[in-house]
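There are 2 protein chains.
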Amino acid sequence: MLTQTLEDYLEAIAILEKEKGKARIKDIGNYLKVKNPSVVSAINSLTENGYVQHKKYSYVTLTKKGRDVAEEIHKKHKTITKFLKDFLKIDEATAKEDACKIEHIISHKTYKKIASAVEENI
Amino acid sequence: MLTQTLEDYLEAIAILEKEKGKARIKDIGNYLKVKNPSVVSAINSLTENGYVQHKKYSYVTLTKKGRDVAEEIHKKHKTITKFLKDFLKIDEATAKEDACKIEHIISHKTYKKIASAVEENI
DNA sequence: TAAAAAAGTTAGATGTGTCTAACTTTTAAA
DNA sequence: TTTAAAAGTTAGACACATCTAACTTTTTTA
Numbered sequence: 010m011l012t013q014t015l016e017d018y019l020e021a022i023a024i025l026e027k028e029k030g031k032a033r034i035k036d037i038g039n040y041l042k043v044k045n046p047s048v049v050s051a052i053n054s055l056t057e058n059g060y061v062q063h064k065k066y067s068y069v070t071l072t073k074k075g076r077d078v079a080e081e082i083h084k085k086h087k088t089i090t091k092f093l094k095d096f097l098k099i100d101e102a103t104a105k106e107d108a109c110k111i112e113h114i115i116s117h118k119t120y121k122k123i124a125s126a127v128e129e130n131i
Numbered sequence: 010m011l012t013q014t015l016e017d018y019l020e021a022i023a024i025l026e027k028e029k030g031k032a033r034i035k036d037i038g039n040y041l042k043v044k045n046p047s048v049v050s051a052i053n054s055l056t057e058n059g060y061v062q063h064k065k066y067s068y069v070t071l072t073k074k075g076r077d078v079a080e081e082i083h084k085k086h087k088t089i090t091k092f093l094k095d096f097l098k099i100d101e102a103t104a105k106e107d108a109c110k111i112e113h114i115i116s117h118k119t120y121k122k123i124a125s126a127v128e129e130n131i
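In order, the protein sequence lines correspond to chains A and B. The first sequence begins at 10 in our numbering and counts up by one. The second sequence begins at 10 in our numbering and counts up by one.
Laid out in C-alpha cells, this is it:
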C-alpha cells in the first residue's frame with residue numbers, strides 16, 4: 010500500500026507531466042518543497058513497486074499503474090477542492106491546501122458523499 | 010509545536026480523565042491502539058514539554074497547558090463530527106473516524122467555516 | 001570543446017513513532 | 001503475606017521521510 014507521502018509524489022509527477030511534458034527530479038522537489046535526495050529516495054521506492062519508470066540521471070515517467078493512482082487522487086483533490094469552495098465558501102488557495110491533506114485521509118464513504126454533493130450541487 | 014500524534018495522545022488522556030477519573034498508560038494504549046512502550050515514549054515527550062505530569066508507575070494527568078490543547082482539539086473533533094453527520098449524512102462511526110483525522114490537518118480558515126455552518130445550521 | 005553550472009545520486013545522519021523482548025514495580029488474590 | 005498477574009518501563013530494532021555533504025553525470029555556455 011502507498012503511503013500518503015508517496016501518493017503526493019505520484020500526484021506531483023502527473024501534474025508536472027501534464028504541465029511540462031516531463032517530470033524531473035528537481036521539479037518534483039520544488040513542487041513538494043523537499044530536496045533532491047528525498048525525491049530520489051521516493052522515486053526509488055515508486056520504481057520498485059511499479060508506479061514509475063526512472064532511468065538514472067533522467068526524468069521520471071508514470072506507468073499505467075502509477076497513472077491510475079495519480080488520476081484517482083487528483084480527481085479526489087479536485088472534488089474536495091470544489092466542495093470546500095462551493096459549499097463552505099473557502100478561497101481557492103486554502104481550499105486546495107486543505108484538499109491536498111484531506112484527500113489522503115478521508116474514508117471512502119465520506120468521499121462518496123462529498124462527490125455526490127458536488128455533482129448534485131445540493 | 011505538537012505533532013498530530015501527540016495531539017491524539019492529549020485528546021485521549023482528556024477523554025479518559027473524564028470517563029474514568031484517571032488516565033493510565035494501559036488505557037491510553039487501548040484507546041489509541043498502540044502498545045505500552047509507545048505510550049510511555051509519547052508521555053515522556055509530553056511531560057518534557059509541560060503538557061502532562063507523570064509519576065513513574067502511576068497515572069498521567071494533564072497540566073493546564075495540556076488541558077487547554079486537549080479541549081481545543083476535542084471541540085474541533087465534535088464540531089467536525091457534527092458537520093459530517095448533519096450536512097453529509099455520514100454515519101456516527103465513520104464521522105468520528107474521519108473527524109479524528111481531519112481535526113489535525115485542517116486550516117483554521119476552513120475550520121471556522123465548518124464551525125459557522127454547524128452553529129448556524131445553514 | 002573545455003570549463004562551469006545545474007541536476008542527479010549516494011552515503012550517512014536525524015527525528016518520529018512504532019514494535020518486541022526482557023525487566024521492574026504495583027496490585028490482586030490465594 | 002507470599003505469590004501470581006497486571007501494569008509500567010527500558011533497551012534496542014525497524015520503517016519512513018527528511019536532511020546535508022560529497023560526489024557524478026549531464027547540460028549549458030564562453
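Glycine is no exception: its CB is placed at the ideal position from the N, C-alpha and C atoms.
{"Check": "Under DSSP, the beta strand (DSSP E) around A/L71 begins and ends at which residues?", "Outcome": "69-71"}
{"Check": "Could you spell out the range, first to last residue, of the alpha helix (DSSP H) harbouring B/V127?", "Outcome": "117-129"}
{"Check": "At least one CB of chain B closer than 7 Å to the CB of A/K122: is that the case?", "Outcome": "yes"}
{"Check": "Are B/I111 and B/I89 touching if we call contact CB-CB under 7 Å?", "Outcome": "yes"}
{"Check": "Would A/I22 and A/V78 be called neighbours here (beta carbons separated by less than 7 Å)?", "Outcome": "no"}
{"Check": "Contact between the stretch 90-108 of chain B and the stretch 25-37 of chain B: three or more CB pairs below 8 Å?", "Outcome": "no"}
{"Check": "Taking any Cβ of chain A, which residues in the stretch 78-111 of chain B have a Cβ under 9 Å from it, in chain order?", "Outcome": "L93, F96, L97, K98, I99, D100, T103, A104, E106, D107, K110, I111"}
{"Check": "Pick from A/K98, A/Y40, A/E128: whose alpha carbon is nearest that of B/S125?", "Outcome": "A/K98"}
{"Check": "With DSSP as the reference, please indicate the residues paired to B/H86 in a beta bridge.", "Outcome": "Looking at the DSSP assignment, B/H86 forms no beta bridge with any residue, so it has no partner."}
{"Check": "Residue range of the alpha helix (DSSP H) that A/V48 falls in?", "Outcome": "45-57"}
{"Check": "When the distance is taken between beta carbons, is B/Y60 closer than 7 Å to B/K38?", "Outcome": "According to the sequence displayed, residue 38 of chain B carries Gly and not Lys. Result no, Cβ atoms of B/G38 and B/Y60 do not sit closer than 7 Å."}
{"Check": "Just checking, does the stretch 11-28 of chain B make contact with the stretch 101-121 of chain A on the three C-beta pairs under 8 Å criterion?", "Outcome": "no"}
{"Check": "Roughly how many angstroms lie between the CA atoms of A/V127 and B/L25, to the nearest whole one?", "Outcome": "38 Å"}
{"Check": "Select from B/L19, B/K27, B/K42 the residue whose C-alpha is nearest the C-alpha of B/S54.", "Outcome": "B/L19"}
{"Check": "Between B/K42 and chain A, is there a C-beta pair that is closer than 7 Å?", "Outcome": "no"}
{"Check": "According to the Cβ coordinates, are B/H9 and B/T56 closer than 7 Å?", "Outcome": "No answer is possible for residue 9 of chain B: it lies beyond the span of chain B, which begins at 10 and ends at 131."}
{"Check": "Which whole-angstrom value is the C-beta distance of A/T119 and B/S116, which I expect to be below 8 Å?", "Outcome": "Not really, about 18 Å apart at Cβ, beyond 8 Å."}
{"Check": "Below 8 Å on the Cβ atoms is my guess for B/I114 versus A/I114; work out the distance and round it to an integer in Å.", "Outcome": "7 Å"}
{"Check": "With a CB to CB cut of under 8 Å and the five nearest residues on each side skipped, what residues in its chain are close to B/K44?", "Outcome": "G38"}
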